[in-house]
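Here the structure comes first, spelled out in structure tokens, and everything after it is commentary.
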Amino acid sequence: MSSSFADRPQKKLLLFDVDNTLTPARQEVSLEMITLLRELRKKVVIGVVGGSDYVKISEQLSYRGGKAIDEFDYFFAENGLTAYKLAKQLPSQSYIKYVGEERHKKLVNFILHYIADLDIPVKRGTFIEFRNGMINVSPIGRNATIQERNEFEAFDKQAGVRAKFVEVLREKFADYGLTFSIGGQISFDVFPNGWDKTFCLRYVADENFEEVHFFGDKTYPGGNDHEIFSDPRTIGHSVLNPPDTLRILKELYFSS
Numbered sequence: 005m006s007s008s009f010a011d012r013p014q015k016k017l018l019l020f021d022v023d024n025t026l027t028p029a030r031q032e033v034s035l036e037m038i039t040l041l042r043e044l045r046k047k048v049v050i051g052v053v054g055g056s057d058y059v060k061i062s063e064q065l066s067y068r069g070g071k072a073i074d075e076f077d078y079f080f081a082e083n084g085l086t087a088y089k090l091a092k093q094l095p096s097q098s099y100i101k102y103v104g105e106e107r108h109k110k111l112v113n114f115i116l117h118y119i120a121d122l123d124i125p126v127k128r129g130t131f132i133e134f135r136n137g138m139i140n141v142s143p144i145g146r147n148a149t150i151q152e153r154n155e156f157e158a159f160d161k162q163a164g165v166r167a168k169f170v171e172v173l174r175e176k177f178a179d180y181g182l183t184f185s186i187g188g189q190i191s192f193d194v195f196p197n198g199w200d201k202t203f204c205l206r207y208v209a210d211e212n213f214e215e216v217h218f219f220g221d222k223t224y225p226g227g228n229d230h231e232i233f234s235d236p237r238t239i240g241h242s243v244l245n246p247p248d249t250l251r252i253l254k255e256l257y258f259s260s
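Written as structure tokens, this is what we have:
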């Protein structure tokens, strides 16, 4: 482990998903969580790895005007395609350069037609969000309120809207070399194969941590935490929600 982290008693890295792991989906981090993370950082190296872009993750993890990036040793947005170590940016990757404009347009056109024909209770706006390392697709639209998000999540668990959508895309665009990964409450991510959350592990390999732990809620096959959760380079912890994350961390690192 490098001199950057020489002050940490344990040569371990703990990586955390964001939604439903550190915070409720698209909501701000609690005082209890940020306080525990600050204490944890005195013992080990900590990082966050989320599918959302840098701005959204920062909004959720900034507590009362603080800078989220200063609360973590590693800050991985878009699965690590936008990456920071000790608040300094590392090289990033581009989805559009990989896919190409023509193939991207065909994919987008198909997605928008599919959503137009979907019979779901509510549709809002921003059905496709273009990011540096991926696109995010939401059948209800990312402009939905928190209440509408909660209602869609419950509806989706019964109707399987996203699961069916993803299966259609996997078949239709099988030659694109893309992964379609369900995450959060209302959407799924589309990115080149291998650009899932395991992508961030390449940035920490040179530190030779004794252990790399990952905490996330979507750890089942098809969920956007599954690949890094089940990767042999990590020790995976499946959590239900932020209170469950707090409970596990207290048991592992703060029990007397």
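5 is the number of the first residue of the sequence shown in the working numbering; add one for each residue after it.
Here a beta-carbon is modelled for each residue, glycine too, at the ideal position from N, C-alpha and C.
Does DSSP classify residue i as helix, strand or coil?
{"i": "E152", "result": "helix"}
{"i": "T86", "result": "strand"}
{"i": "T183", "result": "strand"}
{"i": "P247", "result": "helix"}
{"i": "L256", "result": "helix"}
{"i": "L18", "result": "strand"}
{"i": "V165", "result": "helix"}
{"i": "L10", "result": "It should be pointed out that residue 10 corresponds to Ala in this sequence rather than to Leu. Here A10 sits in coil by DSSP."}
{"i": "R146", "result": "coil"}
{"i": "E171", "result": "helix"}
{"i": "F177", "result": "coil"}
{"i": "D200", "result": "coil"}
{"i": "E32", "result": "coil"}
{"i": "F213", "result": "coil"}
{"i": "D160", "result": "helix"}
Leaving out five residues on either side along the sequence, give the residues of the same chain with a beta carbon under 8 Å from the beta carbon of residue i.
{"i": "I252", "result": "F219, H241, V243"}
{"i": "F213", "result": "M5, K15, K16, L17, V49"}
So who's on the other strand from residue i, going by DSSP bridges?
{"i": "N140", "result": "E133, D193"}
{"i": "H241", "result": "F219"}
{"i": "G227", "result": "I186"}
{"i": "D23", "result": "T27"}
Considering only residues of the same chain and omitting the five flanking positions on each side of residue i, which have a CB-CB separation below 6 Å?
{"i": "A87", "result": "F80, L94, Y207"}
{"i": "K222", "result": "G187, N228, D229"}
{"i": "D235", "result": "T202"}
Spatial neighbours of residue i within its chain, please: CB distance less than 7 Å, with the 5 preceding and 5 following residues excluded, ordered by chain position.
{"i": "N147", "result": "R128, G129, T130"}
{"i": "S66", "result": "A72"}
{"i": "G181", "result": "P196, N197"}
{"i": "Q14", "result": "K47, V48"}
{"i": "Y224", "result": "H230"}
{"i": "S6", "result": "E211"}
{"i": "E215", "result": "K16, I239"}
{"i": "E82", "result": "G55, D57, R135, N136, G137, M138"}
Among the options, which has the Cα closest to the Cα of residue i?
{"i": "V170", "options": "L17, G226, V53, L26", "result": "G226"}
{"i": "I50", "options": "F203, R153, K254, K16", "result": "K16"}
{"i": "P246", "options": "M37, R12, S8, M5", "result": "M37"}
{"i": "V112", "options": "K89, D123, N140", "result": "N140"}
{"i": "D200", "options": "V103, E214, S185, F213", "result": "S185"}
{"i": "R107", "options": "G164, K176, I119", "result": "K176"}
Secondary structure, beta strand (DSSP E): runs of 3+ residues fully inside the segment 90-137
Listed in chain order, the complete beta strand (DSSP E) runs (minimum 3 residues) inside the segment 90-137 are 132-134.
Write down every uninterrupted run of the beta strand (DSSP E) in the segment 36-87 whose length is 3 residues or greater and which is fully enclosed by it, in chain order.
DSSP assignment within the segment 36-87 yields the following whole beta strand (DSSP E) runs of 3 residues or more, N-terminal first: 49-53, 78-81.
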